[in-house]
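Participant: Going by this note's numbering, 51 is the number at position 30 of the sequence shown; the sequence numbering is gapless.
From the three backbone atoms N, C-alpha and C, an ideal C-beta is built for every residue, glycine too.
Please read these numbers as outputs of a predicted model, since none were measured by experiment.
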Amino acid sequence: MSIIKAKSFLHEYKIRAKDKDINSLSGRQGRADLTYFVNMNIFNSLNIQENEAILDIGCGDLTFFKIVEKNFNNCTLEGILPTNEEIEKVNKEINFKEYKNKTQISKAFSFKLPFCDNKFDKVVINGVLLLLSKEEVDKTLNEISRVSKNNATIYIGELPFVDEFKDKSYGNSIIKWLFYGLKNRGFRYFFNSLKTVFISLFSKKQMILGVKEHYFINKEDFIKKAKKYDLLLKECFFNKQIDVNKNIINSSTRYDYIFKIEKKRD
22 MSIIKAKSFL HEYKIRAKDK DINSLSGRQG RADLTYFVNM NIFNSLNIQE NEAILDIGCG
82 DLTFFKIVEK NFNNCTLEGI LPTNEEIEKV NKEINFKEYK NKTQISKAFS FKLPFCDNKF
142 DKVVINGVLL LLSKEEVDKT LNEISRVSKN NATIYIGELP FVDEFKDKSY GNSIIKWLFY
202 GLKNRGFRYF FNSLKTVFIS LFSKKQMILG VKEHYFINKE DFIKKAKKYD LLLKECFFNK
262 QIDVNKNIIN SSTRYDYIFK IEKKRD
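1) For PHE259 and ILE115, I'd like the C-alpha separation in whole angstroms.
2) Out of LEU55, PHE64, ILE78 and ASN95, which one is the CA nearest neighbour of ASN72?
3) With 16 as the cutoff for other CB atoms within 10 Å, does LEU253 come out buried or exposed?
4) With TYR276 as the anchor, note down where its beta strand (DSSP E) starts and where it stops.
5) Could you check if ARG275 is buried or exposed, using at least 16 other CB atoms within 10 Å of its CB as the buried criterion?
6) Taking the alpha helix (DSSP H) that LEU55 falls in, what are its first and last residues?
7) Are the CB atoms of ASP77 and ALA86 within a distance shorter than 8 Å?
8) Measure the alpha-carbon distance for LEU83 versus GLN125 and round it to whole angstroms.
9) Would you mind sorting CYS137 into buried or exposed? The rule is 16 or more other CB atoms within 10 Å of its CB.
10) Taking its Cβ as the centre, do 16 or more other Cβ atoms sit within 10 Å of ASP277, making it buried, or is it exposed?
11) Can you give me the Cβ contacts of GLU99 inside the same chain, cut-off strictly under 6 Å, excluding the 5 residues immediately before and after it?
12) Just checking my contact of ASP251 with SER166 at CB under 8 Å: how many whole Å lie between their CB atoms?
13) Across the segment 101-116 and the segment 156-166, are there enough close Cβ pairs to call them in contact, namely three or more that are closer than 8 Å?
14) Who are the Cβ neighbours of PHE141 in its own chain at under 7 Å, not counting the five residues just before and after it?
15) In whole angstroms, what separates the C-alpha of LYS284 from that of GLU164?
16) According to DSSP, simplified to helix, strand and coil, what is ILE108?
17) Between the beta-carbon of ILE146 and the beta-carbon of PHE182, is there less than 8 Å?
18) Which first and last residues belong to the alpha helix (DSSP H) in which VAL183 is found?
19) Going by C-alpha to C-alpha distance, which of ASN122, VAL111 and LEU180 sits closest to CYS257?
20) Contact check, ILE175 vs PHE280 under 8 Å by CB: the rounded distance?
21) Less than 8 Å separating the beta-carbons of GLU90 and LYS133?
22) Name the two residues that bound the continuous beta strand (DSSP E) containing LYS140.
23) Determine the closest residue to ILE282 out of ASN62, ASN139, LEU153 and GLY178, with distance taken between C-alpha atoms.
24) So what does DSSP say about LEU150, is it helix, strand or coil?
25) Starting from CYS257, follow its DSSP beta bridges and name the residues at the other end.
26) DSSP on ASP242, reduced to helix/strand/coil?
27) Can the beta-carbon of LYS246 be found less than 8 Å from the beta-carbon of LEU151?
28) Taking all protein chains shown into account, decide if ILE269 is buried (16 or more other Cβ within 10 angstroms of its Cβ) or exposed.
Right, dumping it as structure tokens:
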């Protein structure tokens, strides 16, 4: 039996790192197409230039860096992951010696970045803030401001503006989760979920019961919060995903933000 209840988001990603599918590091098992779509959208939004220093906070399977690598030769690419298990997984999958750009992955947390002040031209943090506490979000914004150059571009993605677990009362009950899916998402979702459960019960493939809470904040409050740390809003839009048929779907619960750093003083 391989059904595991995650004690925290950190514990959950340690478990994900053991999955054979590297897309588990982004929480998108079996959806390399979705991971690529999300990261390509980020890349197209950033107007990256040759020789820039780029930080990806929570760099997952390095899809974003692979896209940069195809388009640039002399950028500095720095990524962070919070667990040794994730870094070990990435190092097994990626041959950094083949990279044209200088690339380094470090173990660190978003709220305590191991970089000098004013280093980066671009910073990406996608699908990370929702995993943090309110205090950690503030510390993370402060750290992003600190390590960014003046006029740097910051991409903050997949930040919920509502509680996505509201009215989802199934907790860690698999039976309740299955019938919630049947009632709210239809028979196909129910059947696929049931198949996942049976595969996990009778094989070594893991099924993770994730943490049922997350950080969320409405758009206006987040823009005000970011401004306190010298992040000034340039764009805000609904996060985009694709389904298995390649149809683009606007999120009904998450925004993406693009900020510019305008420091009061260096």
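Facilitator: The structure says:
1) As the crow flies, the alpha-carbon of PHE259 is around 31 Å from that of ILE115.
2) Distances from the CA of ASN72 to each of LEU55, PHE64, ILE78 and ASN95 were compared; the closest alpha carbon is that of ASN95.
3) LEU253 comes out exposed.
4) First-last of the beta strand (DSSP E) with TYR276: 269-282.
5) Under the 10 Å beta carbon count, ARG275 is surrounded by 16 or more other beta carbons and is classified as buried.
6) Boundaries of the alpha helix (DSSP H) harbouring LEU55: 53-67, taken from the DSSP string.
7) In the sequence on display, residue 86 carries Phe and not Ala. In contact: PHE86 and ASP77 (Cβ atoms closer than 8 Å).
8) Here the alpha carbons of GLN125 and LEU83 stand approximately 11 Å from one another.
9) Classification of CYS137: exposed, given that the 10 Å Cβ count is below 16.
10) Taking all protein chains shown into account, ASP277 has 16 or more neighbouring C-beta atoms within 10 Å of its C-beta and is therefore buried.
11) LEU76 and GLN125.
12) Indeed, because the Cβ distance is near 5 Å, the residues count as touching under 8 Å.
13) No: fewer than three Cβ pairs fall under 8 Å.
14) Annotation for PHE141: ALA74, ILE75, LEU76, VAL168, SER169, LYS170 and ALA173 place their beta carbon closer than 7 Å to its own, counting only its chain and skipping 5 residues before and after.
15) LYS284 and GLU164: Cα-Cα distance of roughly 13 Å.
16) Helix at ILE108.
17) With respect to the 8 Å criterion, ILE146 and PHE182 are not classified as neighbours on the basis of their beta carbons.
18) It is not in any alpha helix (DSSP H) - VAL183 carries neither H nor E in the DSSP assignment.
19) Taking only the C-alpha atoms, the option nearest CYS257 is LEU180.
20) Rounded, the Cβ-Cβ distance is 4 Å, consistent with contact.
21) No, they are not a contact pair.
22) That residue, LYS140, is in no beta strand (DSSP E); it is neither H nor E in DSSP.
23) Distances from the alpha-carbon of ILE282 to those of ASN62, ASN139, LEU153 and GLY178 put ASN139 closest.
24) Residue state, collapsed to three classes: helix.
25) Per the DSSP secondary-structure output, CYS257 pairs in a beta bridge with TYR278.
26) Looking at ASP242 - three-state DSSP - the assignment turns out to be helix.
27) Result no, Cβ atoms of LYS246 and LEU151 do not sit closer than 8 Å.
28) When all chains shown are included, ILE269 counts as exposed.
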